[in-house]
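Please read the structure below before turning to the comments.
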Amino acid sequence: MNRALRLIRRRLIGSIAVLLIVITGTFLLLEAAPGDAVDAYVVSVGGDASMIEELRRRWGLDQSAATRFAVYISSLARLDLGHSVAFSRPNLDVILERLPDTLLLMGSATALSFCLGTFLGIVAGSRPGSFRDRFLSIGSLALYAVPGFWLGLVLIVIFSVQLRWLQLGGIETIASGKTGAPRALDIARHLVLPVASLGFIYLALYLRMMRVGMAEVWRMDFVLAARARGIGRRRIVLRHVARNALLPLVTMLGLQSAAMLGGSVVIESVFSVPGLGRLAQEAVAARDTPLLLGIILVSAVLVIAVNLAVDLLYAGLDPRVGSSGEAA
Amino acid sequence: MIALRRFLRTPEAVAGALILAALLAMALSAPWFFPRDPQSIAGPALLRPFQDWTLPLGTDRLGRDVMAGLFHGARASLAVGLAAAAGAILIGAVVGTLAGFAGGLLDEILMRITDAFQTVPGFLLALAFVSVAGPSLATVIVAITLGAWTGPARIARAEVLSIRERDYVAGARVIGMHPLEIAFREILPNALPPVLALSSVIVAAAILTEAALSFLGLGDPNRVTWGGMIAEGRAVLRSAPYLSIIPGVALVLTVLGVYLAGEGLVETSATRRMNA
């Protein structure tokens, strides 16, 4: 447990530095954007020239860039992400309201791509160079070349327009009055196509990593030894080869979380899932830069948290990590 | 020549090279085959494909020629893909070389900045940059580069760290070469091959990101892009799905071609190194 605590502490210190750089970046973008927070506030709430002056003074916007940066940091420290013009509400409230849908979408898509990708990777990697291996390898490359949003549209044409199996739009039937299990089923039906479009793209990545990793393990001496001992092929594939190739995929899980969040922006707008990604697009359409930068900050925190969790998981799986004190 | 013959021996690489050659031909011949503005009206609206041989792929809901859009869209995809990948590799190589060669505080600062760029979802960063700077071909290229340079930077740094201690670098120090000259004339060229091996993945990702940006309406409004055509077709997805499907197929083939040719190149150079 001590090992895990030390790992957490080291990672947290690194994460704070990273977060500060991200905040500096968003501040620079905010400065570069036309108009400031007061302009935005006045557009949404209204006010005259004297009030604008007063607000500028109170929010420190008449100060130098360095002071403005200090004001920005201190308000972020109080979890104040500013005010949204488009929604006339605090940015953080709007963002937190949209977060659960995105987490559900991302979580399901990650589970789908990781499980199915790993399974197919084992199928391909169990006999390197076989027809099955080549077929899955080329197939996964083709899948990896498909843009997620386009796959989503094709799935809509097939399953919703042609076959009429699934209804579309949103995350659940609006005002259906359903609760409990029927509601969960309703949400699941709405999520099938978005999760498939987001998950299938990244499936290829895990498949390929698994396959390459297994090809390397096959060459190792202990596999030869296991074969010499007369252990069955299925057991060698699962217990010896696949197991050793699985570890790098866990790291990939954390690294892919940022890409997954980016991918969900487009997928959410294709399927009108009211999540964080759709909010980002709405913020762009409404030219609400502070809201957009708030989304970026929240997603950076999310990615840091996911990576921290993956590191801990990894430390649990691989006893070598963290014991020497050297960064993993 | 031997390398070329080896490259041509793998069927995947040949397929990739053929696709890319076709794409290049489309992009270069677009103004010659379709001299008219691809955004101008060419015929009746929503003409289905293979009905009229002057408009082989039909027209969209404003009567614009889909075939012309496909040819002109190839230009945008190719230009953005290549320019963003070149920018990402250049920035990544310079940052990685500086970090790896200098070490110490500079290394620490540069790598934390790299971490920060990897923490922010690249697509959200691109979205924010384009929405602040305004949509144009140049801002789209910069926006994609911002999210793509971190991979090359990490690989370049790892490579530089292993090269730094070699004898010829020590030799360059002894004859009094300036450290920057050693970093960029002696080390960087030798650290480049593994970075370049990544280029096909970066080009492919850049093309896909450009498509997604223009799908969301953040591409250059004065140019036809495949992503924009897909978004345009989405409005009539139920009645005329071909309008979204055709540019999507072009996109998939292009990215697949980049991957296949890239893998072929990497394999060719790997076997060459093994034989040497």
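Chains U and B, in that order, are what the protein sequence lines are.
Note that full-length UniProt numbering has the first sequence beginning at 1, numbered continuously upward.
Note that full-length UniProt numbering has the second sequence beginning at 1, numbered continuously upward.
Ideal placement from N, C-alpha and C gives every residue a C-beta, glycine not left out.
Tell me which residues share the same chain as residue i and place their Cβ nearer than 6 Å to its Cβ, disregarding the 5 neighbours each side in the sequence.
{"i": "VAL203(B)", "result": "GLY81, ALA85 and VAL258"}
{"i": "GLY14(U)", "result": "none"}
{"i": "VAL310(U)", "result": "LEU253 and GLY254"}
{"i": "ILE230(B)", "result": "PHE215, SER244, PRO247 and GLY248"}
{"i": "THR114(B)", "result": "THR150 and ALA153"}
{"i": "THR10(B)", "result": "GLY264"}
{"i": "ILE141(B)", "result": "VAL80, ALA83 and ALA84"}
{"i": "THR145(B)", "result": "ALA84, GLY87 and ALA88"}
Which residue's Cα is closest to the Cα of residue i: the options?
{"i": "GLN63(U)", "options": "GLU31(U), LEU163(U) and GLU282(U)", "result": "GLU31(U)"}
{"i": "VAL298(U)", "options": "PRO121(B), LEU55(B), GLU210(B) and GLY219(B)", "result": "PRO121(B)"}
{"i": "TRP53(B)", "options": "ASP60(B), ARG61(B) and ASP65(B)", "result": "ASP65(B)"}
{"i": "PRO100(U)", "options": "VAL250(U), TRP218(U) and ILE187(U)", "result": "ILE187(U)"}
{"i": "VAL157(U)", "options": "ASP318(U), VAL270(U) and ILE13(U)", "result": "VAL270(U)"}
{"i": "LEU205(U)", "options": "THR251(U), HIS190(U) and ALA184(U)", "result": "THR251(U)"}
{"i": "ALA86(U)", "options": "ASN307(U), THR289(U), VAL301(U) and ILE304(U)", "result": "THR289(U)"}
{"i": "MET214(U)", "options": "LEU105(U), TYR72(U) and SER126(U)", "result": "SER126(U)"}
{"i": "GLY275(U)", "options": "SER50(U), LEU103(U), ALA49(U) and SER257(U)", "result": "LEU103(U)"}
{"i": "MET260(U)", "options": "LEU112(U), ARG235(U), PHE131(U) and ALA286(U)", "result": "LEU112(U)"}
{"i": "LEU198(U)", "options": "LEU79(U), TYR144(U) and PHE131(U)", "result": "TYR144(U)"}
{"i": "HIS72(B)", "options": "THR59(B), GLU181(B) and ASP37(B)", "result": "ASP37(B)"}
{"i": "ASN222(B)", "options": "LEU55(B), PRO135(B) and GLN118(B)", "result": "PRO135(B)"}
{"i": "ILE16(U)", "options": "ARG112(B), VAL174(B), MET177(B) and THR209(B)", "result": "ARG112(B)"}
{"i": "PHE69(U)", "options": "THR24(U), ILE95(U), ASP48(U) and ARG98(U)", "result": "THR24(U)"}
{"i": "PRO56(B)", "options": "ARG48(B), GLY104(B) and GLY63(B)", "result": "ARG48(B)"}
{"i": "residue 302(B)", "options": "ALA211(B), THR254(B) and LEU192(B)", "result": "Lying outside 1 to 276, the shown extent of chain B, residue 302(B) is not represented and no answer is given."}
{"i": "HIS178(B)", "options": "LEU70(B), ALA102(B) and GLY43(B)", "result": "ALA102(B)"}
{"i": "ALA305(U)", "options": "GLY263(U), ILE267(U), SER108(U) and GLN256(U)", "result": "GLN256(U)"}
{"i": "PHE33(B)", "options": "MET67(B), ASP60(B) and LEU62(B)", "result": "MET67(B)"}
Under 8 Å Cβ to Cβ from residue i, same chain only, skipping five residues before and after it: list those, please.
{"i": "GLY325(U)", "result": "Confidence in GLY325(U) is poor, its pLDDT being 43 and thus under 50, which makes the residue's placement unreliable; the coordinate value appears in the next sentence. These residues qualify, in order along the chain: ARG6."}
{"i": "LEU24(B)", "result": "LEU78"}
{"i": "ILE222(U)", "result": "Looking at the sequence itself, residue 222(U) is Phe, so the reference to Ile does not match. So the list reads HIS240, once near-sequence residues are dropped."}
{"i": "PRO241(B)", "result": "GLY233"}
{"i": "ALA276(B)", "result": "Reliability fails at ALA276(B), whose pLDDT of 43 lies under 50, so the model's placement of it is uncertain and the value that follows must be treated cautiously. Nothing meets the Cβ criterion."}
{"i": "LEU312(U)", "result": "ALA4, LEU7 and ILE8"}
{"i": "LEU256(B)", "result": "GLY16 and ILE19"}
{"i": "ALA327(U)", "result": "At ALA327(U) the pLDDT is 41, less than 50, meaning the model places this residue with poor confidence; the figure from the coordinates comes in the next sentence. If we look at ALA327(U) and ignore the five residues flanking it on each side, its Cβ neighbours are ARG10."}
{"i": "LEU238(U)", "result": "ILE122"}
Going by the DSSP bridge assignment, what does residue i pair with across the sheet?
{"i": "PRO90(U)", "result": "HIS83(U)"}
{"i": "ASP52(B)", "result": "LEU55(B)"}
{"i": "ILE113(B)", "result": "The partner list for ILE113(B) (beta bridge, DSSP) is empty, contrary to what the question assumes."}
{"i": "ILE41(B)", "result": "ARG64(B)"}
Please return the same chain residues whose Cβ sits closer than 7 Å to the Cβ of residue i, not counting the five positions on each side in sequence.
{"i": "PRO194(B)", "result": "ILE155 and GLU159"}
{"i": "ILE52(U)", "result": "VAL38 and VAL42"}
{"i": "VAL280(U)", "result": "The question names Val, but residue 280(U) is Ala in the sequence shown. Excluding residues within five positions, the ones whose Cβ falls inside 7 Å are VAL265, LEU292 and ILE295."}
{"i": "LEU110(B)", "result": "VAL95, LEU98 and ALA99"}
{"i": "PRO31(B)", "result": "none"}
{"i": "LEU8(B)", "result": "VAL14"}
{"i": "LEU260(B)", "result": "GLU12, ALA13, ALA15 and GLY16"}
{"i": "ALA300(U)", "result": "LEU19 and VAL22"}
Return yes when the C-beta of residue i is under 6 Å from any heavy atom of the ligand HEM, and no when it is not.
{"i": "ILE230(B)", "result": "You won't find the ligand HEM in this model; it holds no ligand whatsoever."}
Return the chain-ordered ranges of every alpha helix (DSSP H) run that is complete within the region 65-110 of chain B and spans a minimum of 4 residues. Segments of the alpha helix (DSSP H) lying fully in the region 65-110 of chain B: 66-102.
The region 226-238 of chain U / the region 136-152 of chain U touching (three or more Cβ pairs under 8 Å): no
The region 143-154 of chain U / the region 245-258 of chain B touching (three or more Cβ pairs under 8 Å): Judged by pairs of C-beta atoms under 8 Å, the region 143-154 of chain U touches the region 245-258 of chain B, as three or more such pairs exist.
Report the residue ranges of all alpha helix (DSSP H) runs contained in full by the region 42-76 of chain U; include only those spanning at least 4 residues, in chain order. 49-58
Is it the case that the region 205-218 of chain U contacts the region 116-128 of chain U, given that we only count it when at least three CB pairs across the two stretches are under 8 Å? yes
Kindly confirm or deny that the region 204-222 of chain B and the region 160-175 of chain B touch, where touching means at least three C-beta pairs closer than 8 Å. no
Where in the region 227-282 of chain U do unbroken runs of the alpha helix (DSSP H), each at least 4 residues long, occur, reported from the N-terminal end onward? 247-271
I'd like to know if the region 212-226 of chain B and the region 124-134 of chain B are in contact, where contact means that at least 3 CB-CB pairs between them fall below 8 Å. yes
At what residue ranges does the region 153-217 of chain U contain a whole run of the alpha helix (DSSP H), taking only runs of 4 or more? none
Whole alpha helix (DSSP H) runs in the region 151-230 of chain B with 4 or more residues, listed along the chain? Within the region 151-230 of chain B, the complete alpha helix (DSSP H) runs of at least 4 residues are 167-174, 188-196 and 199-215.
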